[in-house]
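Have a look at the structure below before the remarks.
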Amino acid sequence: MSTEIQTDVVVLGGGPGGYTAAFRAADLGLSVCLVEKESRLGGVCLNVGCIPSKTLLHGATVIEEAAEAATLGITYAKPAIDLEVFRNHKTKIIEQLTGGLDGLCKARNIQRIQGEGVFADKTTMTVNGEEPTRITFKDAVIATGSAPAMLPDLPDDDRIWDSSDALALRTIPKRLLIIGGGIIGLEMAQIYSALGSSITIVEMLDHIIPPADKDVIQPLFLKLKKRYTIFTKTKVNSVTADDSGIKVSFAGAKAPEKETFDAVLVAVGRRPNTNGIGLESLAITPEKNGIIAVNDQQQTVTPHIYAIGDVVGDPMLAHKATHQGKVAAEVIAGHKAAFTPLTIPSVAYTNPEVAWAGLTEKEAKAQKIAYNKGKFPWGASGRALSAGASAGVSKVLFDQQNGRIIGAGICGVNAGEIIHEAVLALEMGADAEDISKTVHAHPTLAETLAFAAEIVDGSITDILPSKK
Ligand code: FAD
Ligand code: NAD
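Residues 86 to 553 in my numbering are what the sequence shown spells out, letter by letter.
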């Protein structure tokens, strides 16, 4: 016997995309069923992604800043770290947020089903939960997210980690190898370095965080290369495990000799969860890398089936998932909605942070777009100097033809907050004069973005203007 449910909308997956779609659909008057296999809502972001990583990063930053305060004449004793308390603190934050989602779900009368959902046909989903459930729906939203990509031929050994293993903070390895110099690799490096691990990073491309411009990354890279061993243009050749550790050999022009590590974190990207959810019953064939193709309304080739978030591909970011979730719900409710942002900002929550939005300089060049560039060094910002952040940089690009902002990149304290001014400017079609003449409070780090615009506007006074 299985429970039978009829609903307007079924949402498969309770991550940021799925719960947002479910909440918005319910608020628009639709009956909603939310299917999630885990006991907690929140998906990767709340449980094993954004939130636990930022909680641990906060602890790492406290440790780093306490040590750096020595330059101000303030010294602290070496920190004593109670891993269990640190872990429990992280769990408490996760429980607080996911518990909040439970409450929001209940208040909206959304039917929550725990179990693994599989589409049986174009209007039916079966759920293998504690008791089997059969859901008949009018529209469906696929929000099954993504899972870590792993390298082939790795030994089955619990010293080889994915990001969830790293966030579990079970142990602090003496020597940690991180494969992949992307955002996960660098955020985890910061956490484990602060906790005492010696860090080696191998990145196959020519610089860390490859999607961002190299000159924007530079202040971060210069700091990190003093603390970590970083090999770019390097790949892992072979990985074997024995009692002494994980033995790794490398390939690349400047590749190191074979080395032994106490743990290896594989952080080489993520893959959409599209296997085993019954896509074939919906006449949907995912692309080779597992991505489900959608239009601006988040509709798949089967128009009453929508897909959102990581499962529709890059950028795999929580804020993209939530916005797409709202669009899907609004389209289902008959609203005229589309997911057509001019930009989705990216932030690496490293120390210093790196943030970028719109076109990078290398993308503008590749697209043969003529641009004007304003690049303001934080060494000329009073606030940055006061905060010990003089190595930062703010860069803004403007289209030479119509003068509008097309992109921005920032490296420095709070770059992830400051970038939103550039995002709004981009969405509003602002030019260099609009940003320059917007009065920014002094002394702030946000001023550095306005100063970068003033360079292009020709009105900069805080540094010498460039000769015409
Ligand atoms: P997910 O969050 O992956 O949720 C999908 C849900 O679907 C899961 O709960 C899963 O259990 C469920 N599910 C899957 N299949 C089924 C099924 N058949 N039946 C029932 N349920 C199913 N992004 C940011 O924007 N900022 C950050 O700071 C950030 N930090 C991150 C740090 C780490 C370590 C990682 C790994 C990721 C991070 N991300 C960050 C990425 C972010 O977590 C994802 O982009 C986001 O969670 C995607 O949301 P989603 O709703 O598409 O999918
Ligand atoms: P990523 O794509 O950001 O970085 C992976 C890196 O690994 C790349 O630089 C790639 O060149 C490198 N790489 C791939 N194969 C390799 C190999 N064999 N050897 C050496 N290097 C190799 O992926 P990620 O860091 O795993 O993150 C996954 C997703 O999660 C991303 O989409 C990211 O946006 C998201 N995320 C976001 C945040 C944030 O917003 N702060 C934090 C964590 C994760």
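Note that beta-carbon positions come from the ideal geometry of N, C-alpha and C, so glycine has one too.
Taken in chain order, the unbroken stretches of alpha helix (DSSP H) that lie wholly in the segment 160 to 217 and span 4 residues or more are 168 to 192. ASP300 places its beta carbon less than 9 Å from that of LYS480. The DSSP-derived three-state label of PRO371 is coil. Its chain contains LEU252, GLU272 as the residues whose beta carbon lies nearer than 7 Å to that of SER138, once the 5 sequence neighbours on both sides are disregarded; these appear in chain order. THR146: member of the alpha helix (DSSP H) spanning 135 to 153, first to last residue.
As DSSP reads the structure, THR221 sits in a beta bridge with GLN91, THR209. By the criterion of a C-beta distance shorter than 8 Å, PHE424 is surrounded in its chain by ASP381, GLN382, GLN383, HIS408, GLN409, VAL412, once the five residues flanking it on both sides are discounted. A Cβ-Cβ separation of about 18 Å leaves ILE390 out of contact with ILE198 under the 8 Å criterion. When the five nearest sequence neighbours on each side are left out, the beta carbons in the same chain lying within less than 6 Å of the beta carbon of LEU261 are those of TYR277, SER282, ILE284, ALA348, in order along the chain. Beta-bridge partners of ILE503 (DSSP): none assigned.
Residues of the same chain with a CB within less than 6 Å of the CB of GLU518, apart from the 5 flanking positions on each side, are ASP542 in chain order.
Of the candidates GLU532, HIS505, SER544, GLU532 places its Cα closest to the Cα of TRP463. In this structure, DSSP gives PRO233 an extended state, which the three-state scheme calls strand. Closest in C-alpha terms to TYR456, from the list ILE491, ALA162, PRO437, ILE429, comes ILE491. Counting only residues of its own chain and dropping the five nearest sequence neighbours on each side, ASP242 has a CB closer than 6 Å to the CB of ALA326.
Contact between VAL147 and VAL120 is absent: CB atoms are separated by about 39 Å, not below the 8 Å threshold.
Rounded to the nearest angstrom, the gap between the Cα atoms of THR359 and SER366 is 13 Å. Bounds of the beta strand (DSSP E) holding ALA493 are 490 to 497.
Counting other Cβ atoms within 10 Å of its Cβ, ASN487 stays below 16 and is therefore classed as exposed. At least one heavy atom of the ligand FAD is found less than 8 Å from the C-beta of SER231.
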